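Using our numbering, you'd call the opening residue of the sequence shown number 1172 and step up by one each time.
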Amino acid sequence: MRLNPRLAALPSYPTVVLDQKRSALLEAGRRVFDFGTGDPTEPTPEFIRAQVAPAIPDNCRYPTVLGGSAVREAFAGWVARRFGVAINPATQALPSSGSKEAVFHLPLLVVDPQADDRTVVFPDPGYSVYYRGAVLAGGDPFPQRLSGDFKQRVWELSPDVLRRTRLVWINSPHNPTGAVLSRAELRRTWEVCRQYDILLASDECYADTWFDEPPPSILEVAQEGVIAIFSLSKRSGMTGYRTGMIAGDPAWMQRLRELRVNPGLAPQDFVNAAAAAAWSDDGHADERRGLFRQKREVLMSFLERAGLEVVASEASFYLWVRVPSGHTGQSYAERLLEAGIMTNPGSAFAVTDAGDAFVRLALVPDVETCREACAAWAALL
Ligand SMILES: Cc1ncc(COP(=O)(O)O)c(C=O)c1O
1172 MRLNPRLAAL PSYPTVVLDQ KRSALLEAGR RVFDFGTGDP TEPTPEFIRA
1222 QVAPAIPDNC RYPTVLGGSA VREAFAGWVA RRFGVAINPA TQALPSSGSK
1272 EAVFHLPLLV VDPQADDRTV VFPDPGYSVY YRGAVLAGGD PFPQRLSGDF
1322 KQRVWELSPD VLRRTRLVWI NSPHNPTGAV LSRAELRRTW EVCRQYDILL
1372 ASDECYADTW FDEPPPSILE VAQEGVIAIF SLSKRSGMTG YRTGMIAGDP
1422 AWMQRLRELR VNPGLAPQDF VNAAAAAAWS DDGHADERRG LFRQKREVLM
1472 SFLERAGLEV VASEASFYLW VRVPSGHTGQ SYAERLLEAG IMTNPGSAFA
1522 VTDAGDAFVR LALVPDVETC REACAAWAAL L
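Now the structure itself:
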């Protein structure tokens, strides 16, 4: 079989490996505490689900890349409430089929595989699709290695790298660590990108998933040369609907719209109807945040008692845990599996060695199950 060599060179997708491990445990009749894949288990609120069936007409015709105005207006309303920023829903918002495809396709907008300046910068550790999208678009991936507080400081990249760069990804709140960039740090990032004429892509799919303080958006800082990506997956418990929004600089958004017509990246109208309801309501997002907070408290108090350090946990719904000395993330994740506790080794999120000493927990099991998992974990120690 002769494959696209760029595809052949990619490592297995992290969730594929996890799914195999989970299946093996379940087949062996074991109880599984699944902190692996970031797919929340709380039901999608009923008022959102109720939008879908009535929005399916007798003749369900092709949706458009722009989508109807209702979802874009509802999203613009959320942007105004959440960040105090006005965007024009006609020219500055596009629906996406989840934020993942938007992340994956964005490099196609700027990368010229033949050019010397085809670098795509992204945080490492980070969401693996930045790397995959850059590689498959023919870009030159540049993982910016994070450590310490795990904040991505784009202004610390060398001028040589910045001159070759067409696209910079930032991700605040950050997966896998939960680190957040301040308004001042976002501004500094934007200034560097403007200086080098780089498209700044800000993945903010955890904008409404925070613990203490609501994190700022790049849209509060600037819109010129910026594309920001949002999602209802975790905010509204809609992972299976595949629904996100893209917003930013109207000139770039117009080009993106033209790009997205080629593969026909257009969420179904009935999904957009549910998304419009979700973006219009903040109460359910607040409630869900409360649940994630409770789970986090249960786990944090156990981990503290167990002497395990949680690093950079400000927002998102992940805990980035430093493994005990003598272990790698991989070996510790395997040890936890003995107690049925599924985590992700930090290396699954990194191209470099930046995740080697960590495991990531996604706050997925309910509060009671989190308590039971802590007891199972304690028995291992
Ligand atoms: C940082 C980041 N970006 C994007 C996504 C994609 O989310 P979705 O496609 O469900 O909107 C995820 C999912 O976990 C993520 O962690």
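Note that beta-carbon positions come from the ideal geometry of N, C-alpha and C, so glycine has one too. Everything numeric in this text was worked out from a predicted model, so none of it was measured.
Residue i Cβ short of 6 Å to ligand 1 heavy atom set
{"i": "Lys-1322", "result": "no"}
{"i": "Ser-1388", "result": "no"}
{"i": "Thr-1410", "result": "yes"}
{"i": "Asp-1374", "result": "yes"}
{"i": "Ser-1484", "result": "no"}
{"i": "Gly-1415", "result": "yes"}
{"i": "Ser-1451", "result": "no"}
{"i": "Tyr-1367", "result": "no"}
{"i": "Lys-1271", "result": "yes"}
{"i": "Tyr-1302", "result": "no"}
{"i": "Ser-1402", "result": "yes"}
{"i": "Gly-1238", "result": "no"}
{"i": "Gly-1207", "result": "no"}
{"i": "Pro-1342", "result": "Before going on, a small fix: residue 1342 reads as Asn here, not Pro. True, at least one ligand heavy atom lies under 6 Å from that Cβ."}
{"i": "Asn-1259", "result": "no"}
{"i": "Asn-1346", "result": "yes"}
{"i": "Tyr-1184", "result": "no"}
{"i": "Tyr-1489", "result": "no"}
{"i": "Tyr-1233", "result": "no"}
{"i": "Tyr-1298", "result": "yes"}
Extent of the continuous beta strand (DSSP E) run through residue i
{"i": "Tyr-1489", "result": "1489–1493"}
{"i": "Trp-1340", "result": "1336–1342"}
Residue i versus residue j - alpha carbon distance
{"i": "Val-1292", "j": "Thr-1208", "result": "25 Å"}
{"i": "Pro-1294", "j": "Asn-1433", "result": "28 Å"}
{"i": "Leu-1181", "j": "Ile-1400", "result": "24 Å"}
{"i": "Arg-1177", "j": "Arg-1337", "result": "19 Å"}
{"i": "Gly-1269", "j": "Ser-1496", "result": "38 Å"}
{"i": "Ala-1308", "j": "Ala-1546", "result": "46 Å"}
{"i": "Asp-1190", "j": "Ala-1533", "result": "15 Å"}
{"i": "Pro-1278", "j": "Gly-1304", "result": "7 Å"}
{"i": "Asp-1320", "j": "Glu-1468", "result": "20 Å"}
{"i": "Thr-1262", "j": "Ala-1241", "result": "14 Å"}
{"i": "Asp-1283", "j": "Gly-1310", "result": "7 Å"}
{"i": "Val-1188", "j": "Tyr-1489", "result": "19 Å"}
{"i": "Ser-1388", "j": "Phe-1254", "result": "7 Å"}
{"i": "Gly-1478", "j": "Asn-1175", "result": "46 Å"}
{"i": "Ala-1264", "j": "Ile-1398", "result": "10 Å"}
{"i": "Ala-1449", "j": "Thr-1212", "result": "17 Å"}
{"i": "Arg-1334", "j": "Tyr-1367", "result": "6 Å"}
{"i": "Val-1281", "j": "Glu-1480", "result": "40 Å"}
{"i": "Leu-1357", "j": "Arg-1243", "result": "25 Å"}
{"i": "Arg-1344", "j": "Arg-1173", "result": "Before going further, note that residue 1344 is Pro rather than Arg in the sequence given. Rounded to whole angstroms, Pro-1344 to Arg-1173 spans 39 Å at the Cα level."}
{"i": "Ile-1227", "j": "Pro-1536", "result": "33 Å"}
For residue i, the residue or residues it bridges with in DSSP
{"i": "Ala-1486", "result": "Trp-1381"}
{"i": "Gln-1315", "result": "Pro-1294"}
{"i": "Ile-1400", "result": "Asp-1374, Ile-1417"}
{"i": "Pro-1516", "result": "Val-1530"}
{"i": "Phe-1204", "result": "Ile-1512"}
{"i": "Val-1187", "result": "For Val-1187, which the question treats as bridged, DSSP gives no partner whatsoever."}
{"i": "Val-1481", "result": "Val-1492"}
{"i": "Pro-1214", "result": "In the DSSP output, where bridge partners are listed per residue, Pro-1214 has none listed."}
{"i": "Ser-1267", "result": "Gly-1415"}
Enclosing alpha helix (DSSP H) for residue i [first to last residue]
{"i": "Ser-1451", "result": "1440–1451"}
{"i": "Pro-1176", "result": "1176–1179"}
{"i": "Thr-1556", "result": "With the chain covering 1172 to 1552 only, the question about residue 1556 has no answer from this structure."}
{"i": "Gln-1465", "result": "1454–1476"}
{"i": "Arg-1252", "result": "1240–1254"}
{"i": "Arg-1542", "result": "1538–1551"}
{"i": "Val-1392", "result": "1389–1392"}
{"i": "Leu-1237", "result": "Neither: Leu-1237 is in no alpha helix (DSSP H) and is coded neither H nor E."}
{"i": "Tyr-1302", "result": "1300–1307"}
| query | Touching or not, the stretch 1437–1444 and the stretch 1504–1513, by the rule of three or more beta carbon pairs under 8 Å? | reply | no
| said: So, does the stretch 1368–1380 touch the stretch 1224–1238, judging by three or more C-beta pairs under 8 Å? | reply: no
| message | Quick check: the stretch 1443–1457 against the stretch 1206–1223, are at least 3 beta-carbon pairs closer than 8 Å? | response | yes
| message | Does the structure place the stretch 1468–1486 close enough to the stretch 1356–1375 that three or more beta carbon pairs sit under 8 Å? | response | no
| request: Please confirm if the stretch 1512–1522 is in contact with the stretch 1448–1456, defined as three or more CB-CB distances below 8 Å between the two stretches. | output: no
| task | Report yes or no: do the stretch 1199–1217 and the stretch 1415–1432 share at least 3 C-beta pairs separated by less than 8 Å? | result | no
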